[in-house]
Amino acid sequence: MKWKDIAALVNIKLSTCHDIYARSKVDNTPTNKHRTGRPPIFDEAEKEKLCLFITQDKRTRQLGWEDLLTELGYACSVRTLRNVKWCQDRLHWTYEDWIQTLWTDESTFSTTGFGHRPWVLCRPEEEFHPDCIDETWESGRESVMIWGGFCGEMKSELQVIPPGVKVDSVYYVTHILDPVLIPFWHQTCEHYGWTQVVEDGAPSHQRFAKHCRAINQVEILPWPPQSLDLNLIEALWGDMETELGETFGQIKDIEVIIRAVKAILDSIEISRLDGLIRSMPECLEAVIAAVYSYSQKGANSREYRTDTVPTIGGHGNPQPLPYS
Numbered sequence: 017m018k019w020k021d022i023a024a025l026v027n028i029k030l031s032t033c034h035d036i037y038a039r040s041k042v043d044n045t046p047t048n049k050h051r052t053g054r055p056p057i058f059d060e061a062e063k064e065k066l067c068l069f070i071t072q073d074k075r076t077r078q079l080g081w082e083d084l085l086t087e088l089g090y091a092c093s094v095r096t097l098r099n100v101k102w103c104q105d106r107l108h109w110t111y112e113d114w115i116q117t118l119w120t121d122e123s124t125f126s127t128t129g130f131g132h133r134p135w136v137l138c139r140p141e142e143e144f145h146p147d148c149i150d151e152t153w154e155s156g157r158e159s160v161m162i163w164g165g166f167c168g169e170m171k172s173e174l175q176v177i178p179p180g181v182k183v184d185s186v187y188y189v190t191h192i193l194d195p196v197l198i199p200f201w202h203q204t205c206e207h208y209g210w211t212q213v214v215e216d217g218a219p220s221h222q223r224f225a226k227h228c229r230a231i232n233q234v235e236i237l238p239w240p241p242q243s244l245d246l247n248l249i250e251a252l253w254g255d256m257e258t259e260l261g262e263t264f265g266q267i268k269d270i271e272v273i274i275r276a277v278k279a280i281l282d283s284i285e286i287s288r289l290d291g292l293i294r295s296m297p298e299c300l301e302a303v304i305a306a307v308y309s310y311s312q313k314g315a316n317s318r319e320y321r322t323d324t325v326p327t328i329g330g331h332g333n334p335q336p337l338p339y340s
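Numbering (my numbering), first residue to last: 17 to 340.
Below, the structure written as C-alpha cells:
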C-alpha cells in the first residue's frame, strides 16, 4: 500500500504518517518520547529541607516566598533584582522629590478582623492541621474594599468599593480615577508642583485607564511589581487596621467600619505623613541591604554562578550586584 493511500485510510497527514513510521523504527513505539523539560532546580534533598523548614510551625507556614528565600539563604529572584534597580535609581532623590509623589492603593477591611487574609503553605493532607487554620470565626463575614491616597500633607477622599464589585479597568476609571484621583492630583500639582502618581499597577486597571491618564496628562511613577513595602500608603492602611483593632475590636456592621476608617484617616496627623516621606531613603537602602545580606548568605552556603548575573544600573557608572 502506498503512503498516500495509508494517509487517506487513517485520515491523517502524509507527513505525520512518515513521522510515526520513523519513530517506531527508532524507538519501537509510535508515540513521542517523554519530554523531560527544564532540569529541576531542587534535588530531593533540597525539597525535603524546604518542606521541613516550612512545616516547623505556624509562623513558617505563613511566610511569603521572598521571606523564605531570605531565611533559607537562596539566591534572589529576577523580581528582586528589578526592585533593587528601582531603589538604586532613586537613591539620589531628595525630600522635595518624594513630597511630589502621590501614593494610592486599595485595602480590604472585614467584620472578622483586620489585615489581609493569611495564607499558609501545607501538604495536601495537612488541610486541617492546627498550624494551617486561622482561629477567626467567619460566620456572617462581610468585607469592603476602600481606595485612598495621600501626597505630602494632603489626604484624598476615601472611595468605598461595594462588596461583590469587580474592580476592572472601566470601574476603576469611572469610580476612582476620573472622579476622585485626577481632581486630587490637580490639587497636589497646584500645591507642590508637578506630581507623579503611584498606582498598584494591577492589570485590571490598565487598558481603559491608559486613555484616561493620557488625555488628562497624568504622570505615573513606574513602580516595581509586588513592592508593598515601598508604597507609603500601605503604612497608613496598617495604622488604620491597628487603630480599628485596638479601639473597636471586631465590628459586626460594615457601615460602622467605613465610618470608623474615614474618622481614623482624618485623625492621622501631618507629622505622620511627613515622617513616612522622610523615611523613603532609608526604605530604599534597606531593600538594597536586604538583598546584599541574604545573597551573601546564599553565596556562603551554596555555589552560584556569578558571571551571568545582570548588573544593576544606577546613575553614573553601572553598579554590579553586591554578590556578583
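All residues carry an ideal CB built from backbone N, CA and C; glycine is no exception.
For lysine 41 and alanine 24, the rounded distance between their alpha carbons: 22 Å
As assigned by DSSP and simplified to three states, the class of glutamine 104: helix
Span of the beta strand (DSSP E) around phenylalanine 125: According to the DSSP assignment, phenylalanine 125 belongs to the beta strand (DSSP E) that extends over 117-126.
Simplified DSSP assignment, three categories, for glutamine 175: strand
Pairwise C-alpha distance: aspartate 59 and aspartate 43: 29 Å
Beta-carbon proximity list for aspartate 35, same chain, < 7 Å, skipping 5 on both sides: Once the five neighbours on either side are set aside, aspartate 35 has no close Cβ partner at all.
Where isoleucine 293 sits in the DSSP three-state scheme: helix
Residue from Val136, Asp73, Leu84 and Val176 whose Cα sits closest to the Cα of isoleucine 270: Val176
The region 160-171 touching the region 137-147, judged by at least three CB pairs closer than 8 Å: Contact annotation: the region 160-171 does not touch the region 137-147, with fewer than three C-beta pairs closer than 8 Å.
Residue range of the unbroken alpha helix (DSSP H) whose run includes tryptophan 201: 198-208
Given leucine 260 as reference, the closest of Glu250, Ala279, Pro178 and Asn247 once Cα atoms are compared: In terms of CA proximity to leucine 260, Ala279 leads the group Glu250, Ala279, Pro178 and Asn247.
As assigned by DSSP and simplified to three states, the class of valine 214: strand
Of the residues Ile304, Ala251, Ile267 and Ala302, the one placed nearest leucine 281, counting alpha carbons only: For the set Ile304, Ala251, Ile267 and Ala302, the Cα lying nearest the Cα of leucine 281 is the one of Ala251.
Residue range of the alpha helix (DSSP H) that includes cysteine 167: It is not in any alpha helix (DSSP H) - cysteine 167 instead sits in the beta strand (DSSP E) that spans 159-167.
Distance, lysine 226 Cα to phenylalanine 200 Cα: 18 Å
Exposure label - tryptophan 81; buried when at least 16 CB within 10 Å: exposed
Beta carbon of isoleucine 359 nearer than 8 Å to that of threonine 127: Since the first residue shown for the chain is 17 and the last is 340, residue 359 is missing from the structure and cannot be characterised.
Extent of the continuous alpha helix (DSSP H) run through threonine 45: Element bounds for threonine 45: n/a, residue is neither H nor E.
Member of Arg39, Thr110, Leu193 and Pro240 whose CA lies at the smallest distance from the CA of cysteine 228: Leu193
Cβ-Cβ distance between isoleucine 341 and tyrosine 208 below 8 Å: There is simply no residue 341 to check, as the chain begins at 17 and stops at 340 in what is shown.
Coarse secondary structure for methionine 170, derived from DSSP in three states: strand
Straight-line gap, tyrosine 187 to threonine 45 (C-alpha atoms, nearest Å): 55 Å
C-beta neighbour in chain B for isoleucine 177, strict 8 Å: Although the question refers to chain B, the structure presented lacks it and comprises just one protein chain.
Integer Cβ distance of valine 213 from leucine 237, believed to fall under 8 Å: Indeed, because the Cβ distance is near 7 Å, the residues count as touching under 8 Å.
Start-to-end residues for the alpha helix (DSSP H) that takes in leucine 193: Taken as a continuous stretch (DSSP letters only), leucine 193 belongs to no alpha helix (DSSP H), as it is neither H nor E.
Buried versus exposed call for methionine 17 [16 or more other C-beta atoms within 10 Å across all chains shown]: Methionine 17 comes out exposed.
Helix, strand or coil at isoleucine 28 [DSSP, three-state]: coil
Secondary structure of isoleucine 236, DSSP reduced to three states: strand
Rounded straight-line distance, which links the Cα of glutamate 64 to that of threonine 76: 15 Å
Anticipated Cβ contact below 8 Å, leucine 88 with phenylalanine 69, distance rounded: Yes, they are in contact, since the Cβ atoms of leucine 88 and phenylalanine 69 sit about 6 Å apart, within 8 Å.
Alpha-carbon spacing of leucine 30 relative to threonine 47, whole angstroms: Between leucine 30 and threonine 47, the alpha-carbon positions lie close to 17 Å from each other.
Start and end residues, alpha helix (DSSP H) containing arginine 77: 74-77
Under 8 Å between C-beta atoms of glutamate 158 and proline 178: no
Rounded C-alpha distance that separates serine 172 from leucine 197: 8 Å
Simplified DSSP state of asparagine 247, which is helix, strand or coil: Assigned with DSSP and collapsed to three states, asparagine 247 falls in coil, not helix or strand.
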